[in-house]
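Numbering (the working numbering), first residue to last: 165 to 1019.
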Amino acid sequence: MKFKLHLPISLITCLFCIGCRGLGYLKDGQYLLKKQRFEIKGNTPADLDEIMELARPIPKKPLLSLRPGVYLYETGKRRLDTAKIRKRQRKVRDKYNLKIKELEADSSDFLALEEKRRKDLIALAPGEGSDKEKIDRINSKADKKEAKIIRKRQAKSGKLLKARNKKTERLNDKIEKGNFMMRMGSPLVLLDSSAIRRSAIQMRLYLETNGHFRAKTSFNVETKGKTSTVIYKIAPGPVYTIDSVMSVRSDNSGLAKVIDDGKSGSLIKKGDVYNQANFIKERERIESLAKEAGYFDFNRRHVKILTDTTGQDHKVWVRPKITTPNDVQHKAYTIDSVNFITDAQLDHLTEQRKSTIRNDINFQYHKHKYSEKVLSLKTLVRPGTPYNSNKVSATRSQLNGLNMFRQTKIEFDSIDGKFVANINVEPVKKNSLSTEVGIDVTQGEPGPYVNLGYLTRNPFGGLEQLQISGRYDLEGVIDVNQLTKYREGGVNAKLFLPQFLIPLSKNNEANPYKWFNQQTVINAGWNLTETNDFKRTAFNTSIDYNWESKNRQKKYRLRWLEVNYINSSDISDNWEKYLFEQREKGSNEILQYSPSVITSTSFSANYNFGVNPLAPKEGSTLKFDFEMAGTWINLYDPSASTSTAETQEPNDPGLSRSIPDTLQYYQFLKTNIEFKKYFPVNEKTTLATGIEVGVGLPYGISEKLPLEKSFVLGGTKMRAWQFARIGPGGYQPPDSLSRIRRYGDIKIYSFMELRRQLIGRLGGSLFLEAGNVWLMNEDETFENGHFKFDSFIDQLGISGGYSINLDFSPLLISVGVGLKLRDPATGANAHKLKAKSLLGQDSESELFIGIGYTF
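See the structure below:
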């Protein structure tokens, strides 16, 4: 019986393995491309990797001599019926085309409207038929309804077209890219002599454009059975370098001077290896120089870069040359006038626009809405100034940064010998409302959350934005068989002003890029945090100055003043008892639950070096934050800032058994530096790395940072721990206090994450993290919780794990598991951790769900 059972299984296994090898799918005369090799004659070129990447086709490495991807592809290919899919395509197309025709042919709405218009005109009282004003009112009302019907029909027709195209494109993708099995698998990589020959030619051309003018390439093919190996033979020859770069040759002396003045930024330098890519970039650079100097019609086609190797020992002589189109001299333009239309979407109206002149700019509009003063400050294109492509781009950037306009067009016309700039903008909707409702399962027990937002634009006519938002979040965390609920909510209002309230420099127009895209943000908010043990409310207000660099890669924020008033209430008996016990041990933690005021000034700088924030794959970012609190105390009675801890000893027998209600003040310095670097491993894989260091230094009247300003880890950073459940240092709380959130004055955190796109929108990542928080000063309440240079490395927590990502750009959803590899509280490494369930109360891992990139 066993023999009878094993025999068919063995046969099926053998057939599967034969299929997985892929050779059984080859037709007569076809060979599987198994390998490719490169033989270099002479010196190895520095960019050999780039040359090897030009080889096509690329052989795929088998898995233990098997190719399961080929088996999936071929199986799916046999099941793909393209004729049937095309038939479905035609059916879908005909269905939606019929609906669109029926919609266009339906005139019932228009007939009903005309009938109502006719009845309204007939219904006019005798003697009123000649009343032109009433007739015009009826016709105007009917015309508006007709326009509304047309818009609705256009919208419905657009939806039908979109649905038709979406369904037909999906079916077309199935024809072109294959069905699900074909996409999961991979086709056989066949020997293609013509593609290999083209690859050899591409390699030679690549070498020639990178200084190897005498390069030679060839190839051989070796076959064995049904497999083949391609051998590329490459002889790079000597490399040519730039010997000298001569001055530009041009009949236009003014243009030649502009280019020569910018010669220091040339990308072609003496001694560099000849690189044709640099020649292309140099032409673009010269075009940019010319356009910045007013040469509106100039472009890179007018730049030739002459080279000569005659009589040189592997050297190249270079000279840029400017050509003239149709023997017409290049001209530097000066802007004669600027027209600014603030409602370009109303161009169809026949009524003439009104106009207002401000700073020599002619503003035109049907209805006055926006401040010409602010718009003129954002407009760097001015009459009487030379055309400058940088100022055009900067103007477009600043107008878009107002968040008032859907579209900004800047065009130039030459009319009757006048060079005119036309700026047309289309406003966006004045008011917008956003709502978000869901279940938060990032950490602990699931809980609902609600976010509401309201934004109104230009409420006072000065291009301001008023944003009002509210949120509510309920989360549960289980510790020692007790469910701790965290409720958080708040209301916030922000007023965005399009300029600084008080200018930081007097002569902004002389250097318009110094405070680029400047903005003032006035913020006020109220926040509530409620747990089983206490309720904490905070009122916050602040005034910020925001600006950025011209290329928008550097962003700055100066928070002139931030004021927080914090108060705790509804403190449970158990928590009050805990605070009194800590006070008797010498801790002043109880003061953090007294009413307190925090006044501070802060500065933040963000530098982006080539990172796409929506899909970071390469480049790096640097963020720096600095905050100074307590400097405003001298503006009011400093004696009020004396803390209760200074007037009473912790062990004083007469110490009150109630939480002090004296208003507390804080003084501290706080800084945080964060650096991230992204390395593209290949087209589908990215390695993300980073480090973050934060230090808070209490001074003067303070011994600790306030809770709201302290550092925490856990949750999205150190994902194997729940939020604020790691640290400080090596502190391990007793079971009765395991639910408390843990804060620190010092933070160290680093990460490494390998991300890979798997199939379509589905991706995966492996991550490793290390970090913890510490107290600056020793505190008996948190044993081993303060920072020591000789032991902090041993107190770093380490977590690792994996996640599955769904990329619906710009939205990214991540679901994964983080595992504790080293717990600073126990000092246990991964191999010493107890065998526990993967997830649950006693587990050493955490399930997390995140929105957007964690790093």
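We put the beta carbon where it would ideally sit given N, CA and C, even for glycine.
Count Cβ pairs between the region 915-930 and the region 889-896 that sit closer than 8 Å; are there 3 or more?
no
Below 8 Å, how does it come out for the region 733-746 and the region 703-714: are there three or more Cβ pairs, yes or no?
no
By alpha-carbon positions, which one of Leu-638, Tyr-636, Leu-659 and Val-655 ends up nearest to Leu-627?
Your numbering for residue 627 matches position 463 in the sequence shown. Of Leu-638, Tyr-636, Leu-659 and Val-655, the residue nearest in Cα terms is Leu-659.
What would DSSP say about His-494, mapped onto helix, strand or coil?
Here residue 494 refers to the residue found at position 330 when the sequence shown is read from its first residue. In this structure, His-494 counts as coil in the three-state DSSP scheme.
Pull the bridge partners of Met-916 from the DSSP assignment, please.
As a first step, residue 916 must be located in the sequence shown, where it is residue number 752. Partner(s): Thr-853 and Leu-932.
Counting C-beta neighbours from all protein chains within 10 Å, is the total for Lys-998 16 or more, i.e. buried, or is it exposed?
On the sequence shown, position 834 is the one that residue 998 refers to. Below a pLDDT of 50, predicted positions are generally treated as unreliable, and Lys-998, at 43, falls in that range; no measurement from the model is reported.
Can you find the residues in the same chain that come closer than 6 Å, C-beta to C-beta, to His-494, ignoring five residues on each side of it along the sequence?
Working through the sequence shown from its first residue, we reach residue 494 at position 330. Only Asn-416, Leu-419, Tyr-459 and Phe-462 meet the Cβ criterion.
List the residues that DSSP assigns as beta-bridge partners of Ile-910.
Looking up residue 910 in the sequence shown gives position 746. Ile-910 pairs with Val-859 and Trp-938.
Write down the C-beta distance between Tyr-830 and Gly-858 rounded to the nearest angstrom, noting that I regard them as a contact closer than 8 Å.
What you label residue 830 is simply residue 666 of the sequence shown in a count that begins at 1. What you label residue 858 is simply residue 694 of the sequence shown in a count that begins at 1. 17 Å between Cβ atoms; not a contact.
Taking Cβ to Cβ, would you say Lys-205 is nearer than 9 Å to Ile-398?
Counting from one through the sequence shown, the residue named residue 205 turns up at place 41. Counting from one through the sequence shown, the residue named residue 398 turns up at place 234. Yes, these two residues count as a Cβ contact at 9 Å.
Straight-line Cα distance separating Gly-961 from Gly-854
Here the question's residue 854 lines up with position 690 in the sequence shown. Here the question's residue 961 lines up with position 797 in the sequence shown. Distance between the alpha carbons of Gly-854 and Gly-961 is about 16 Å.
Residues of its chain near Asn-343, where Cβ-Cβ distance is below 7 Å and the 5 sequence neighbours each way are ignored
Translated into positions along the sequence shown, residue 343 becomes position 179. Closer than 7 Å at the Cβ level, and outside the excluded window around Asn-343, lie Gly-240, Arg-243 and Leu-244.
My output table needs one value for Ser-1021: the three-state DSSP class, helix, strand or coil.
Because the chain in this structure spans residues 165 to 1019, residue 1021 falls outside the shown range and cannot be described.
Contact defined as beta carbons within less than 8 Å: I believe Ser-967 pairs with Gly-980. What is the distance between those atoms, to the nearest angstrom?
Walking along the sequence shown from the start, residue 967 turns up at place 803. Walking along the sequence shown from the start, residue 980 turns up at place 816. Confirmed, Cβ separation roughly 3 Å.
Residue range of the beta strand (DSSP E) that Pro-484 falls in?
To locate residue 484, count along the sequence shown from 1; it is residue 320. Segment 479-486, the beta strand (DSSP E) holding Pro-484.
Can you check whether the CB of Leu-277 is closer than 9 Å to the CB of Lys-298?
Here residue 298 corresponds to residue number 134 of the sequence shown, with the count starting at 1. Here residue 277 corresponds to residue number 113 of the sequence shown, with the count starting at 1. Not a contact, by the Cβ cut-off of 9 Å.
Leaving aside the five residues before and after Phe-274 along the sequence, list all residues of the same chain whose C-beta is less than 8 Å from its C-beta, in chain order.
For this step, residue 274 is matched to residue 110 along the sequence shown. Correct list, in chain order: Glu-310 and Ile-313.
Note down the Cα distance separating Leu-932 from Ala-247, rounded to an integer number of angstroms.
Locating residue 932 in the sequence shown gives position 768, where the first residue counts as 1. Locating residue 247 in the sequence shown gives position 83, where the first residue counts as 1. Leu-932 and Ala-247: Cα-Cα distance of roughly 49 Å.
Could you tell me whether the Cβ atoms of Phe-504 and Ile-587 are closer together than 9 Å?
Here the question's residue 504 lines up with position 340 in the sequence shown. Here the question's residue 587 lines up with position 423 in the sequence shown. Their beta carbons are under 9 Å apart, which means Phe-504 touches Ile-587 by this criterion.
Are the region 375-392 and the region 344-361 in contact at 8 Å, needing three or more beta carbon pairs?
yes
Proximity test, Cβ basis, 9 Å: Glu-278 and chain C
The chain labelled as chain C is not found in the depicted structure, where only one protein chain is given.
Please work out which residues of its chain come closer than 8 Å, Cβ to Cβ, to Thr-381, disregarding the five sequence neighbours upstream and downstream, and give them in chain order.
Along the sequence shown, one-based indexing puts residue 381 at 217. Ala-364, Ile-365, Met-367, Arg-368, Leu-371, Tyr-396, Lys-397, Ile-398 and Ala-399.
With 16 other CB atoms within 10 Å as the buried threshold, where does Gln-756 fall?
For the purposes of this step, residue 756 is taken as the residue at position 592 of the sequence shown. Looking at its Cβ environment, which holds 16 or more other Cβ atoms inside 10 Å, Gln-756 is buried.
Straight-line CA distance for Phe-773 to Asn-836?
Taking the sequence shown and counting its residues from 1, one reaches residue 773 at position 609. Taking the sequence shown and counting its residues from 1, one reaches residue 836 at position 672. Answer to the nearest angstrom: the Cα atoms are 19 Å apart.
Let me know the secondary structure DSSP gives Ala-809 once reduced to three states.
Here residue 809 refers to the residue found at position 645 when the sequence shown is read from its first residue. A caution first: Ala-809 carries a pLDDT of 41, below 50, which makes its placement in the model unreliable, though a value can still be read off. Helix at Ala-809.
Reference Trp-690; option with closest CA among Arg-635, Leu-725, Ala-287 and Lys-873
Residue 690 sits at position 526 when you count from the first residue of the sequence shown. Measuring from the Cα of Trp-690, the nearest candidate turns out to be Arg-635.
Residues that DSSP places opposite Asn-595 in a beta bridge:
Indexing the sequence shown from 1 puts residue 595 at position 431. Answer is Thr-620, bridged to Asn-595.
Given this structure, state the Cα-to-Cα distance separating Leu-288 from Asp-307, to the nearest angstrom.
Taking the first residue of the sequence shown as position 1, residue 288 is located at position 124. Taking the first residue of the sequence shown as position 1, residue 307 is located at position 143. About 18 Å.
Tell me the residue span of the alpha helix (DSSP H) that contains Pro-232.
As a working mapping, residue 232 is identified with position 68 in the sequence shown. Pro-232 -> alpha helix (DSSP H) spans 232-243.
Assigned secondary structure, Ile-890 (DSSP; H/G/I helix, E/B strand, else coil)
In the sequence shown, the residue the question calls residue 890 occupies position 726. Three-state DSSP puts Ile-890 in coil, outside helix and strand.
Cα separation between His-512 and Thr-506?
Taking the first residue of the sequence shown as 1, we reach residue 512 at position 348. Taking the first residue of the sequence shown as 1, we reach residue 506 at position 342. Distance between the alpha carbons of His-512 and Thr-506: 14 Å.
Count the other CB atoms, across all protein chains shown, that sit within 10 Å of the CB of Gln-318; report buried if there are 16 or more and exposed otherwise.
For the purposes of this step, residue 318 is taken as residue 154 along the sequence shown, with counting starting at 1. Answer is exposed; the Cβ neighbour count stays below 16.
Decide yes or no for the touch test of the region 424-432 against the region 485-492: beta carbon pairs closer than 8 Å, at least 3 of them.
no
Beta-carbon contacts of Thr-373 that lie in its chain and below 6 Å, excluding the five residues immediately before and after:
Your numbering for residue 373 matches position 209 in the sequence shown. Answer for Thr-373: Gln-440, listed in chain order.
Apart from the five residues just before and just after Glu-810, which ones in its own chain have a Cβ nearer than 6 Å to its Cβ?
For the purposes of this step, residue 810 is taken as the residue at position 646 of the sequence shown. Because Glu-810 carries a pLDDT of 42, less than 50, the predicted location of this residue cannot be relied on, and the following value inherits that uncertainty. Counting only Cβ-Cβ distances below 6 Å, and skipping sequence neighbours, we find nothing.
Quick one, are the C-beta atoms of Thr-763 and Leu-722 less than 9 Å apart?
For the purposes of this step, residue 763 is taken as the residue at position 599 of the sequence shown. For the purposes of this step, residue 722 is taken as the residue at position 558 of the sequence shown. Not a contact, by the Cβ cut-off of 9 Å.
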